[in-house]
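To start, the structure under review is shown below, and the notes come after it.
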Amino acid sequence: MADAPQIPDEAEVRARWGGFAWTAENAAQARTVIARYPEGRQQSAVMPLLDLAQRQVGAETNTQGWLPIPVIEYVAAQLDMPFMRAYEVATFYTMYNLAPVGRFHVQVCGTTPCMLRGSDDVLDACYKRGLKKGATTADGLFTLTEVECLGACANAPMVQINDDNYEDLTFETMTAILDDLAAGKQPKIGPQIDRQTSAPEGGPTATKAMVHENHDYRGEW
Ligand code: FES
Numbered sequence: 717m718a719d720a721p722q723i724p725d726e727a728e729v730r731a732r733w734g735g736f737a738w739t740a741e742n743a744a745q746a747r748t749v750i751a752r753y754p755e756g757r758q759q760s761a762v763m764p765l766l767d768l769a770q771r772q773v774g775a776e777t778n779t780q781g782w783l784p785i786p787v788i789e790y791v792a793a794q795l796d797m798p799f800m801r802a803y804e805v806a807t808f809y810t811m812y813n814l815a816p817v818g819r820f821h822v823q824v825c826g827t828t829p830c831m832l833r834g835s836d837d838v839l840d841a842c843y844k845r846g847l848k849k850g851a852t853t854a855d856g857l858f859t860l861t862e863v864e865c866l867g868a869c870a871n872a873p874m875v876q877i878n879d880d881n882y883e884d885l886t887f888e889t890m891t892a893i894l895d896d897l898a899a900g901k902q903p904k905i906g907p908q909i910d911r912q913t914s915a916p917e918g919g920p921t922a923t924k925a926m927v928h929e930n931h932d933y934r935g936e937w
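Given below as structure tokens:
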């Protein structure tokens with residue numbers, strides 16, 4: 717089960733984020749996003765604007781960002797919608813963080829396919845490095861969250877770290893990924909075994925001619 721966030725103390729949060737406003741660049745981006753929707757339907761932009769706001773908070777805190785209540789209020793006001801409607805969206809999707817996270821937000825999928833394929837080993841690798849579910853490491857580097865299916869079950873077990881997926885994990889490969897990130901290196905994104913996306917390990921076993929071109933098989937049937 718995904719963990720429920722602990723929403724930080726509001727007075728402290730208001731003192732820090734009560735004056736939130738878009739940067740000039742993000743203000744322009746917000747206008748671009750809102751303009752994608754028909755007149756009177758600007759509330760449809762709530763998801764991309766909440767994401768944009770979270771990224772701005774992240775840039776200002778050198779983390780992956782989160783959505784303090786005053787920031788959600790700011791987005792709701794821009795879209796002329798009740799705060800509660802924007803808050804409902806922010807609390808529904810795990811892509812929005814309702815509490816501060818670290819530089820790397822490690823989201824481990826613990827749903828059945830990943831669990832059967834070894835998500836406990838992935839979590840063990842996290843624990844061994846000092847990560848704890850629902851917490852950020854003292855150095856501010858890692859926040860660990862267990863989440864529900866992230867839609868990459870064919871490559872289970874997997875984690876999402878910031879905007880990237882790391883797949884076909886073992887205890888060893890997950891440890892190596894965390895070590896690389898802590899050392900300021902970019903680990904290989906995607907499958908950690910020899911396969912292209914979700915193709916069979918070692919290469920395709922059927923329709924091999926499709927690997928290098930959009931091959932037309934119809935004449936061979
Ligand atoms: S169960 Fe883990 S990605 Fe679907």
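Going by the numbering used here, the first residue of the sequence shown is number 717, and it counts up by one from there.
For glycine and all other residues, C-beta sits at the position ideal for the given N, C-alpha and C.
Is Pro754 a contact residue of the ligand FES, with contact defined as CB to any heavy atom under 7 Å? No, the ligand FES has no heavy atom inside 7 Å of this Cβ.
Closest residue to Arg833 among Gln912, Asp896, Pro873 (Cα-Cα distance): Out of Gln912, Asp896, Pro873, Pro873 has the C-alpha closest to the C-alpha of Arg833.
Are the beta-carbon atoms of Val715 and Pro786 separated by less than 8 Å? Absent from the structure is residue 715, since the part of the chain shown begins at 717 and ends at 937.
Report yes or no: do the region 782 to 801 and the region 833 to 849 share at least 3 C-beta pairs separated by less than 8 Å? Touching, no.
Thr891 versus Glu936, Lys844, Pro784, residue with shortest Cα-Cα distance: With distances taken between Cα atoms, Thr891 lies closest to Lys844.
With distances taken from CA atoms, which of Gly906, Ala870, Val927 is nearest Met831? Ranking Gly906, Ala870, Val927 by Cα distance to Met831 puts Ala870 first.
Less than 8 Å between the beta carbons of Val791 and Ala775, yes or no? Between Val791 and Ala775, the CB-CB gap reaches or exceeds 8 Å.
Please classify Thr779 as buried or exposed, where buried requires at least 16 other C-beta atoms within 10 Å of its C-beta. Looking at its Cβ environment, which holds 16 or more other Cβ atoms inside 10 Å, Thr779 is buried.
Where Cys825 falls: helix, strand or coil (DSSP): Here Cys825 carries a strand assignment [DSSP, helix/strand/coil].
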